[in-house]
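Since the structure comes first, as structure tokens, the remarks are kept for the end.
Protein chains: 2
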Amino acid sequence: MDEFMEAALEEARRGLAEGGVPIGAVLVKDGRIVGRGRNRRVQEGASVLHAEIDCLHSAGRVADYRGSTLYTTLMPCPMCTGAVVQMGIARVVAGESRTLAGAREIMEARGVEVLDLQLDQCSKMMREFIEKNGLLWAEEVGEI
Amino acid sequence: MDEFMEAALEEARRGLAEGGVPIGAVLVKDGRIVGRGRNRRVQEGASVLHAEIDCLHSAGRVADYRGSTLYTTLMPCPMCTGAVVQMGIARVVAGESRTLAGAREIMEARGVEVLDLQLDQCSKMMREFIEKNGLLWAEEVGEI
């Protein structure tokens with residue numbers, strides 16, 4: 108597997124070990140990781156701490172995200188999609204979109220290149236998590 | 108002025124006093140403020156800390172934002188707009204949209220009610236800030 112998606116998966120596993128939703132992300136610029144994060148909604152009690160937001164937060168105040176690529180284990184939701192657009196991120200590589208279709212169209216409409224790797228490893232992790240934590244997931248996607 | 112927009116403006120003034128971008132927000136549910144925040148990009152060195160994200164972060168893990176209203180001194184950007192959609196916030200009241208048109212259409216396309224109060228008090232604060240801090244603002248809106 109691509110080393111950057113592997114790093115995003117590593118973040119997801121870290122989140123799972125902490126009792127959180129297993130979604131991870133890394134931001135890559137000029138061939139190196141400049142930010143990393145995981146969904147920490149459960150751990151920090153904060154709805155906005157999706158993996159991508161946590162990742163961009165760790166990347167800090169970067170005036171120019173242009174040319175960077177965001178790797179995330181799951182297709183981003185409208186908030187994270189909007190963050191991609193707002194920060195001028197050029198490319199998003201998603202591990203899968205079976206668990207959540209996300210808001211790919213918002214990114215593509217603004218010229219962001221989107222790749223969906225459809226990795227079994229990513230969707231299997233989510234499937235197992237949701238089987239055991241149905242309510243947490245329903246809260247995550249705003250169904251309760 | 109509406110007491111909630113006044114509270115959002117108070118947050119914006121607090122940010123200005125800290126040397127930050129003067130944008131503030133409060134989240135209101137059942138007639139009371141359940142979250143408040145201000146743009147803290149400069150203060151915290153974090154690009155994602157827009158006023159609305161900071162506000163939702165302070166509101167913590169709320170399973171049901173439905174029926175809530177977000178008051179913000181400036182029309183939200185794509186990230187914050189996406190957060191509104193993702194969290195199921197029903198209504199957004201913006202202080203103004205002259206400084207930034209924002210991404211009103213993303214919210215309206217998903218059924219969020221959007222009000223633009225066009226308050227001189229809000230746009231004057233931003234105009235004065237931008238006159239003195241052109242580079243900071245250019246970074247905020249991704250122009251540098």
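Each protein sequence line maps, in turn, to chains Z and C.
For the first sequence, the residue numbers in our numbering are 108 to 251.
For the second sequence, the residue numbers in our numbering are 108 to 251.
Beta carbons: idealized from backbone N, C-alpha and C, even for Gly.
Fair warning: this is a prediction, and the values are worked out from it, not measured in the lab.
Using the rule of at least 16 other Cβ atoms within 10 Å of the residue's Cβ for burial, across every protein chain shown, is residue i buried or exposed?
{"i": "V200 of chain Z", "result": "buried"}
{"i": "A153 of chain Z", "result": "buried"}
{"i": "M214 of chain C", "result": "buried"}
{"i": "E238 of chain Z", "result": "exposed"}
In its own chain, which residues sit with a C-beta less than 8 angstroms from the C-beta of residue i, not counting the 5 before and 5 after it?
{"i": "I160 of chain Z", "result": "G144, M186, C187, A190"}
{"i": "G126 of chain C", "result": "V149, Q150"}
{"i": "G122 of chain Z", "result": "V128, P129, I130, G131, R145, N146, R147, Q150, A158"}
{"i": "V192 of chain C", "result": "I213, M214, R217, V219"}
{"i": "M108 of chain Z", "result": "L116, L226, Q228"}
Check whether the Cβ atoms of residue i and residue j lie closer than 8 angstroms to each other.
{"i": "G174 of chain Z", "j": "A197 of chain Z", "result": "yes"}
{"i": "S230 of chain Z", "j": "R211 of chain Z", "result": "no"}
{"i": "M112 of chain C", "j": "L224 of chain C", "result": "yes"}
{"i": "A124 of chain Z", "j": "I140 of chain Z", "result": "no"}
{"i": "Q228 of chain C", "j": "L156 of chain C", "result": "no"}
Here's a check: name, in chain order, each residue in its chain whose Cβ is nearer than 6 angstroms to the Cβ of residue i, leaving out the five neighbours to either side.
{"i": "I130 of chain C", "result": "A119, N146, A158, T180, L181"}
{"i": "L226 of chain Z", "result": "G202, E203"}
{"i": "Y172 of chain C", "result": "M194, G195, I196"}
{"i": "M233 of chain Z", "result": "T206"}
{"i": "Y178 of chain Z", "result": "F111, M112, A115, V133, V200"}
{"i": "F236 of chain Z", "result": "P129"}
Which whole-angstrom value describes the C-beta separation of residue i and residue j, a residue pair presumed to lie in contact below a C-beta threshold of 8 angstroms?
{"i": "G249 of chain Z", "j": "G195 of chain C", "result": "5 angstroms"}
{"i": "C184 of chain C", "j": "G209 of chain C", "result": "6 angstroms"}
Leaving aside the five residues before and after residue i along the sequence, list all residues of the same chain whose C-beta is less than 7 angstroms from its C-beta, in chain order.
{"i": "L163 of chain C", "result": "L134, G142, A190, M194"}
{"i": "K136 of chain C", "result": "G174, S175"}
{"i": "S165 of chain Z", "result": "G142, R143, G144"}
{"i": "L243 of chain C", "result": "V128, V149"}
{"i": "G138 of chain C", "result": "none"}
From the DSSP secondary-structure annotation, give me the bridge partner or partners of residue i.
{"i": "E215 of chain C", "result": "DSSP lists no partner for E215 of chain C."}
{"i": "I140 of chain Z", "result": "Z:V135"}
{"i": "D223 of chain Z", "result": "Z:A201"}
{"i": "M178 of chain Z", "result": "The question names Met, yet the displayed sequence has Tyr at residue 178 of chain Z. Bridge partners of Y178 of chain Z: Z:V133, Z:V200."}
{"i": "R145 of chain C", "result": "C:G131"}
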